[in-house]
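Contents: one structure, followed by commentary.
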Amino acid sequence: MNCLRLIAATVFVALFTGCAAQPRGGLQAAGEPGMLLVSAGRFIMGNDKGELNERPSHKVEIGSFAMDRTEVSAREFAEFLNAAGSSGDLYFTADEHATVMAAPADGRAATARYSARPGLERFPANNVSWEGANAYCRWRGKRLPTEAEWEKAARGTDKRRFPWGRRDPGEELARFEQIWQEKQFDVFVPVDALPEGASPYGLLNMAGNVLEWVNDWYRQNLCDFCNPEAEGNLDLIRQLTGRPPEAPAVGPTAASGGAARERSSRRVRQVPLRVDPGGPTTGSFRVLRGGSWQDRQEQDLATTRRYWLDPAQRFPHTGFRCSKDSPRTP
Numbered sequence: 000m001n002c003l004r005l006i007a008a009t010v011f012v013a014l015f016t017g018c019a020a021q022p023r024g025g026l027q028a029a030g031e032p033g034m035l036l037v038s039a040g041r042f043i044m045g046n047d048k049g050e051l052n053e054r055p056s057h058k059v060e061i062g063s064f065a066m067d068r069t070e071v072s073a074r075e076f077a078e079f080l081n082a083a084g085s086s087g088d089l090y091f092t093a094d095e096h097a098t099v100m101a102a103p104a105d106g107r108a109a110t111a112r113y114s115a116r117p118g119l120e121r122f123p124a125n126n127v128s129w130e131g132a133n134a135y136c137r138w139r140g141k142r143l144p145t146e147a148e149w150e151k152a153a154r155g156t157d158k159r160r161f162p163w164g165r166r167d168p169g170e171e172l173a174r175f176e177q178i179w180q181e182k183q184f185d186v187f188v189p190v191d192a193l194p195e196g197a198s199p200y201g202l203l204n205m206a207g208n209v210l211e212w213v214n215d216w217y218r219q220n221l222c223d224f225c226n227p228e229a230e231g232n233l234d235l236i237r238q239l240t241g242r243p244p245e246a247p248a249v250g251p252t253a254a255s256g257g258a259a260r261e262r263s264s265r266r267v268r269q270v271p272l273r274v275d276p277g278g279p280t281t282g283s284f285r286v287l288r289g290g291s292w293q294d295r296q297e298q299d300l301a302t303t304r305r306y307w308l309d310p311a312q313r314f315p316h317t318g319f320r321c322s323k324d325s326p327r328t329p
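In numbering that gives the first Met the number 0, the protein residues as written are 0 to 329.
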C-alpha cells in the first residue's frame, strides 16, 4: 500500500508541474561537446491566449538538431572577439554593464584584447548584437537557431508554458525581476546554474538571465494566419489588417447536400502543418526569445513570448546560444 501511495503521489506531482510527458535530462549530441539533441518531430508553436504576436497556435514539424546546453558565456565570447575582432563595434559594446571587458590597444598590442570580467567567466555574454551572435556561431561552425527550433527546445511537445512546466517562476527556476542599480552583475546567474529550470531537452536558462537572439526576421503574425477561419483568429486578422477576413467557399452548390458542405468546412478549418519554418526572408528586426533578468512579469518568461530588436542593437540583457544541423546520435 505504501508503494501504491508513493506511485500515486509521484504521478500527481508530475501532472501538476506539467512535466509528465518528457524527462528533464538531456541527450548529449555525439561529437558536439556542450550540445544536446532536440529530437525530430511535431509540436504546437504559438499561443492563442498570448499576446497578438504569439498567435495563432499551429503545428510545426522540425528535423533533429543540436543546441547549446547553455547560453554563450563571457569567457567563450571573449575568445571569439580576440580571434575575430569586434568589427568596428558591430558585434558588442564593452561598457560598464558588459560581462566582457576590453583592454585598449597599446604599443604591445595593435588591437584591443578582450576577457571576461574576473569572477564572471561563466556568466552569460551580454551587450551582444544579432550580428555578433550570428558571427560567433558561424565561427564555432554552428548557427543561430530558428525561432521554431528555439520554441520546440524550450517548450517540448506538451505545450508547456515555461521550460520546466506549468509552475510559476521562482528563484530556483529562472533569473528575473532583478534591478541593476541594486545588484550590478549579480542580476545574472552563471550559464550552468538553475538546473531545476531546465527545458524538457535539458537546456538551461531558456527563461530569464538574458534574452536570446534567434535567426529569424520578425513578423507580427506568427504563421501567416495558418488558418484564417480557425476559432480565435478572426479578431487577429481584423487587428492586423483593419478588415474582416474574406468568407471561404462553403461547397460546390446548395444542391450538393449538407455532407459536402460539412466536408468542405472541415478542410477550411484544418491547420496546415509547417515543416522546418525559417521565418521571412527579409525584414527590419530580428527575433529574441526567453525573457531576461530585468523582466518583472511571469508571462514575459513564457516559451511563446516574442521580442524584437534591430539586429545592430544590443543591451545589457541581450545574449544568445547556438544550434547545429542534423547531429549524429550517440
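For each residue, glycine too, the CB sits at the ideal point set by N, CA and C.
{"Check": "Buried or exposed by the 16-neighbour rule on C-beta atoms within 10 Å, applied to residue 138", "Outcome": "exposed"}
{"Check": "Segment limits, beta strand (DSSP E) that includes residue 60", "Outcome": "57 to 61"}
{"Check": "Distance between residue 220 and residue 51 (C-alpha atoms, nearest Å)", "Outcome": "8 Å"}
{"Check": "Beta carbon of residue 177 nearer than 8 Å to that of residue 292", "Outcome": "yes"}
{"Check": "C-beta contact flag for residue 149 and residue 53 at 8 Å", "Outcome": "no"}
{"Check": "Spatial distance of residue 253 from residue 129 (CA atoms)", "Outcome": "Low per-residue confidence applies at residue 253: pLDDT is 36, beneath 50, and the placement is therefore not dependable, though the value from the model is reported in the following sentence. Looking at the two C-alpha atoms, the distance is approximately 55 Å."}
{"Check": "Runs of alpha helix (DSSP H) lying entirely within the region 138 to 166, each at least 4 residues, in chain order", "Outcome": "146 to 154"}
{"Check": "CB contact flag (residue 90, residue 124, <8 Å)", "Outcome": "no"}
{"Check": "For residue 197, the three-state DSSP class (helix, strand or coil)", "Outcome": "coil"}
{"Check": "Reference residue 35, options 68, 58 and 61, closest by Cα", "Outcome": "68"}
{"Check": "Residue closest to residue 334, alpha-carbon to alpha-carbon, out of 165, 127, 156 and 155", "Outcome": "A query on residue 334 cannot be resolved here, the shown segment of the chain reaching from 0 to 329 and no further."}
{"Check": "Segment contact flag, the region 276 to 283 with the region 180 to 199, C-beta cutoff 8 Å, min 3 pairs", "Outcome": "no"}
{"Check": "Buried or exposed (CB count within 10 angstroms, at least 16 for buried), residue 160", "Outcome": "buried"}
{"Check": "Residue 291: CB within 7 Å of a non-hydrogen atom of the ligand MN", "Outcome": "Inclusion of the ligand MN in the displayed structure is not the case, the ligand content being empty and no account of it being possible."}
{"Check": "Which of helix, strand or coil DSSP assigns to residue 179", "Outcome": "helix"}
{"Check": "C-alpha distance - residue 64 paired with residue 153, whole-angstrom precision", "Outcome": "13 Å"}
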